[in-house]
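Reminder that position 420 of the sequence shown reads as 414 in the numbering used here, one-by-one numbering, no gaps. First up is the structure itself, then whatever we jot down about it.
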Amino acid sequence: VYRGSVKDFPGFDANQDAEALYNAMKGFGSDKEAILDLITSRSNKQRVEICQAYKSLYGKDLIADLKYELTGKFERLIVSLMRPPAYGDAKEIKDAISGIGTDEKCLIEILASRTNQEIHDLVAAYKDAYERDLEADIVGDTSGHFKKMLVVLLQGAREEDDVVSEDLVEQDAKDLLEAGELKWGTDEAQFIYILGRRSRQHLRLVFDEYLKIAGKPIERSIRGELSGDFEKLMLAVVKCIRSKAEYFAERLYKAMKGLGTRDNTLIRIMVSRSEIDMLDIREVFRTKYEKSLYNMIKEDTSGEYKKALLKLCGGDDDAAGEFFPEAAQVAYRMWELSAVKVELRGTVQPAGVFNDDGDAQVLRKAMKGLGTDEGAIIEVVTKRSNAQRQQILKAYKAHYGRDLMADLKSELSGSLAKLILGLMLTPAQYDAKQLRKAVEGAGTDESVLIEIMATRNNQEIRAINEAYQEAYHKSLEDDLSSDTSGHFKRILVSLALGNRDEGPENLTQAHEDAKKLADVSSNDSSDSLETRFLSILCTRSYPHLRRVFQEFIKMTNHDVEHAIKKRMSGDVRDAFVAIVRSVKNKPAFFADKLYKSMKGAGTDERTLTRIMISRSEIDLFNIRGEFIDLFDKSLHHMIEKDTSGDYRKALLALCGGED
């Protein structure tokens, strides 16, 4: 099935088009609208024929005339469209290595993503256009392991055999693990050989096997073991093996997000993928970033340049509201990866040499007299487990006849006080307090209710209920019922029971559950829709729900999260999405929450504090890994940049390290 956005123009006439372009550039000024309409609606093969016809009719070079008549980004885009793909890639690489400095990102993008045949065509085009050897030029402009991997990719010799040996898959996964994680130093040659030569189908299975034996995705190991441009190149190779559409969607998003636009990247991808997989890229973009590629281009560019890019994009997926096979495959792969058992690790461990009375004395000394030694308090509180902190509370009372919580409250202030006092509560007490704050007074903080109730297991929910009753002499269920309403209330009350099934998946039942979620006709009432989702999402076990979600994708080509967003709204939608994301990958759910708490102007310190406290002994180490995978920056770095003073020092101690 053709997945490009630009197709052959029906009724094509090269001479007629050449004449139209000549007339558009004749005289004073040029008709840019006519030029972009014609060129973006013809395939590359047809554009090449137009160039030949133009030369035959007028004895002039069409590309030279376009360069003369047009300017800026619009000129670069139109001229790029006129070159055959291999010559376009050759020009990009020549520009990347010419002059002072090298555009390594351009080299990585092209060489990591092209097929064997595309590489062979590129090498030949480079030789033809510049009378130079591409490999020799790249060797002369790069160095080290980065150079070696580029040379391997330039051979265009990746295996293309679809027959996969299970034994070789296991061996390659083992060899990669032993070359990196299990080795003092790193055997880069092993990474280059396996990732540079094995077939795409084979490597996808190697990556799955690696996740099973290493307990982490190959990307995370590459980030830990490799560095610099070599690391970026290997990550790009892995991403392209997994899904080229996802790789290019991410490149396009990064080219336009934030201040400024990386126009060279935007032009290169929109041109090079317009007749290959632009529809797939659009689908993945819409799913991954909850915004259409069309709308992001529309907001980020202007003038004829924008019009031409939008023509190449080929449509607005926000308007269509559709979900497509490539996006479904990406979502399905994510579900499969989430089902692999990964060890959850906190960043705060029990202190090896622990003396509760000694710690109580350190804390008393830090708060006695004029001033407070915040550093000493942070050192003790953040380096002890919650169970050890409970012992310190008792020792402090026994030694000094004083309430440590009260003393901390009187000595500390602001964000640091909230963080330290939160750490001194038991997890259940802390969650109960956060829920109480969310429902008391005017207004309700639904986001806190959703975050806590959608992510805690049965044991944690039951402990929260007990702590809530003890602290506030009311049941949590009663407060949730009185402060919320409708389907949202029913969801929260169901979750508050702490009665989620804890058994394994049942494939037959999973198929029926998926069918129940999928089989909702437009004639069904809204009540029936929410009830169906509630009865499954709030009661089934996590392993079972993962299987339900996989079955749902098989049945509908839709991701269940997309279906929820399309069919529901408000707090009900947000609660169901939170449950789905928690089931799929809880550390990734919290990584996303942490990122949103710090990105942009201002910091949501309540969310930041709450997650850092509540996950520090459960899965904060895993959250750190997901954070860097998702946002290409470490949690440690973002906390360091976004907070200050003793509050920052305490958060970084809980974070537990720089990734």
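Even for Gly, the Cβ is constructed at its ideal location relative to N, Cα and C.
- Assigned with DSSP and collapsed to three states, S529 falls in helix.
- The shortest C-alpha to C-alpha distance from Y424 to any of L304, F279 and I458 is the one to I458.
- In the three-state reduction of the DSSP assignment, F621 falls in the helix class, which pools H, G and I.
- Annotation for G218: the continuous alpha helix (DSSP H) segment containing it runs I212 to E219.
- For the set R540, Y394 and N380, the Cα lying nearest the Cα of E496 is the one of R540.
- The Cβ atoms of I104 and M76 do not sit closer than 8 Å to each other.
- In this chain, the alpha helix (DSSP H) harbouring G408 covers G408 to M418.
- Closest in C-alpha terms to Y589, from the list A569, D623 and N289, comes D623.
- Check the Cα spacing between S529 and each of A512, S488 and L646: the tightest is with S488.
- Our two residues, F3 and I33, have alpha carbons roughly 10 Å apart in a direct line.
- L406 sits away from T438, with the two beta carbons spaced by 8 Å or more.
- Counting along the chain, the unbroken alpha helix (DSSP H) around V374 starts and ends at E368 to T376.
- Under the DSSP assignment, I291 falls in the alpha helix (DSSP H) whose first and last residues are L287 to D294.
- The beta carbon of L229 sits closer than 8 Å to those of E213, I216 and R217, all from its chain and outside the five residues before and after it, given in chain order.
- In the DSSP annotation of this structure, V(-5) is not part of any alpha helix (DSSP H), being labelled neither H nor E.
- Where I94 is concerned, there is no enclosing alpha helix (DSSP H), because DSSP gives it neither an H nor an E.
- Taking R600 as reference, the option from E298, L523, V442 and K468 with the minimal CA-CA separation is V442.
- When the five nearest sequence neighbours on each side are left out, the beta carbons in the same chain lying within less than 6 Å of the beta carbon of D565 are those of E440 and F482, in order along the chain.
- Three or more Cβ pairs closer than 8 Å define a contact, and the region 10 to 20 meets that threshold against the region 40 to 56.
- Linking L602 to L645 through their CA atoms gives a straight-line distance of about 9 Å.
- Here the region 56 to 71 lies against the region 297 to 304, with 3 or more beta-carbon pairs under 8 Å apart.
- Across the set L614, F22 and K587, the C-alpha of F22 shows the shortest separation from the C-alpha of Y62.
- Between D166 and I188, the CB-CB gap stays under 8 Å.
- Distance from the CA atom of M562 to the CA atom of I444, rounded to whole angstroms, is 16 Å.
- Closest in alpha carbon position to R534, among A448, C649 and M250, is A448.
- Secondary structure of P344 (DSSP, three-state): coil.
- Leaving aside the five residues that flank D97 on each side, the residues in its chain whose CB is nearer than 6 Å to its CB run, in chain order, A90.
- Taking R609 as reference, the option from Y120, L402 and P421 with the minimal CA-CA separation is P421.
- Taken atom to atom, the span from the alpha-carbon of K285 to that of V163 is near 37 Å.
- Contact between the region 194 to 202 and the region 147 to 163 is present, with at least three C-beta pairs closer than 8 Å.
- For T637, same chain residues with a beta-carbon under 7 Å away, outside a window of 5 residues either side, are T597 and L645 in chain order.
- In the assembly as shown, P344 is an exposed residue. Its beta-carbon has fewer than 16 other beta-carbons within 10 Å.
- Secondary structure of L364 (DSSP, three-state): coil.
- The alpha-carbon of V200 is positioned some 14 Å away from that of V231.
- Excluding its 5 nearest sequence neighbours in each direction, V554 has C-beta neighbours in its own chain below 7 Å: L511, F543, F546 and V574, listed in chain order.
- Residue P211 holds the alpha-carbon nearest to the alpha-carbon of E337 among L648, F625 and P211.
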